[in-house]
Amino acid sequence: MLRFRKPSPEAIRAFLDRQEPLGLTYSFVGGTKADVPAGYTMNHTRVPLGEGREAFDVAKNLLQNWQQFPLDWVEIWPPSTPIRNGAVVAIVARSLGLWWLNACQVVYEIDAAGERIQFGFAYGTLPGHVGTGEERFLVEMQADGTVYFDILAFSRPYQWLARIGSPYMRSLQRRFGRDSAQTMQRLVREHLSALHTSSEASSSVASAPAQV
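For the sequence shown, our numbering gives the first residue as 370, with consecutive numbering after it.
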């Protein structure tokens, strides 16, 4: 759905109410767990976020709160939506001077412990989306302690506008992957810096000599 103005919360809510009863627009639900199905374009982005459990926990919290979205041109609504199977959200994006409103549904969650600790989820497209396919967001801590943010998506045009502008839509998908990765790297860095600053301040207070 295209608009010349940013849709109001009421308009987005009405849009989601219409989309929620509808089914997904693709057959390969959960396809981001395995090989990307034939006939779809794949986009994959993977970047390091830091080292250790603290970095993983910060990244997990960011993902739980949809903070992987670069808010200068794309956001999720409602932002308070919990990550759970079946949850329906709107993706509100601005491009070419227009506002794009798309609908997705969470199709699976990831919360795994072991040699690799993982948290993430995937959502799939509903009929109110210009494309059709699935996108998975994952934060992962490997055995050596390195924490990564990983996005995997497969998609193809669904609505007529996306078919006409297919090359542009693919470029937007690549841009989103790049901007989302940079957003996560920046936010993890800022949160870790704030945590360490707070910890150092607390240590300084605790070690200061008592005033008589």
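Here a beta-carbon is modelled for each residue, glycine too, at the ideal position from N, C-alpha and C.
None of these values were measured; they are calculated from a predicted model.
If you reduce the DSSP assignment to three classes, tell me which class A403 lands in.
Position 34 of the sequence shown, counting from 1, holds the residue named residue 403. Residue state, collapsed to three classes: coil.
Are V457 and L556 close, meaning C-beta to C-beta below 7 Å?
The count along the sequence shown starts at 1 and reaches residue 457 at position 88. The count along the sequence shown starts at 1 and reaches residue 556 at position 187. Not in contact: V457 and L556 (Cβ atoms no closer than 7 Å).
Range of the contiguous alpha helix (DSSP H) that encloses I381:
The sequence position of residue 381 within the sequence shown is 12, counting from 1. From DSSP, the alpha helix (DSSP H) with I381 extends over 378-388.
What span of residues does the beta strand (DSSP E) with N434 cover, start to end?
Here residue 434 refers to the residue found at position 65 when the sequence shown is read from its first residue. No beta strand (DSSP E) holds N434; DSSP gives it neither H nor E.
Is it buried or exposed, G497, if we count other Cβ atoms within 10 angstroms and call 16 or more buried?
Numbered from its first residue, the sequence shown carries residue 497 at position 128. It is buried - the Cβ of G497 has at least 16 other Cβ atoms within 10 Å.
Reference W446, options V461, Q433, L440, closest by Cα
As a first step, residue 446 is located in the sequence shown; it is residue number 77 there, counting from the start. With distances taken between Cα atoms, W446 lies closest to V461.
Below 8 Å on the Cβ atoms is my contact criterion, and I expect Y477 with G399 to pass it. Report the Cβ-Cβ distance as a whole number of Å.
Taking the sequence shown and counting its residues from 1, one reaches residue 477 at position 108. Taking the sequence shown and counting its residues from 1, one reaches residue 399 at position 30. Right, their Cβ atoms sit about 6 Å apart.
Grab the span of the beta strand (DSSP E) containing E484 for me, first residue to last.
Within the sequence shown, numbered from 1, the residue matching residue 484 stands at position 115. First-last for E484: undefined, no H or E at that position.
By DSSP, does G421 sit in helix, in strand, or in coil?
Within the sequence shown, the letter at position 52 stands for residue 421. Helix, per DSSP.
DSSP bridge partner residues for P447 (one or two, in chain order):
As a working mapping, residue 447 is identified with position 78 in the sequence shown. The partner list for P447 (beta bridge, DSSP) is empty, contrary to what the question assumes.
G599 - DSSP class collapsed to helix/strand/coil
There is no way to answer for residue 599, as the model of the chain reaches only from 370 to 581.
Which residue from F438, P376, N471 puts its Cα closest to that of G493?
Taking the sequence shown and counting its residues from 1, one reaches residue 493 at position 124. Among F438, P376, N471, the Cα nearest to that of G493 is on N471.
Can you name the start and end residues of the beta strand (DSSP E) that A459 belongs to?
For the purposes of this step, residue 459 is taken as the residue at position 90 of the sequence shown. Residues 457-464.
Do the stretch 536-543 and the stretch 422-439 make contact, defined as three or more Cβ pairs closer than 8 Å?
Contact between the stretch 536-543 and the stretch 422-439 is not established, with fewer than three Cβ pairs separated by less than 8 Å.
Tell me, please, which residues DSSP counts as bridged to M507.
Position 138 of the sequence shown holds residue 507. Checking the displayed sequence, the identity of residue 507 turns out to be Leu instead of Met. Beta-bridge annotation (DSSP): L507 is paired with G489, D519.
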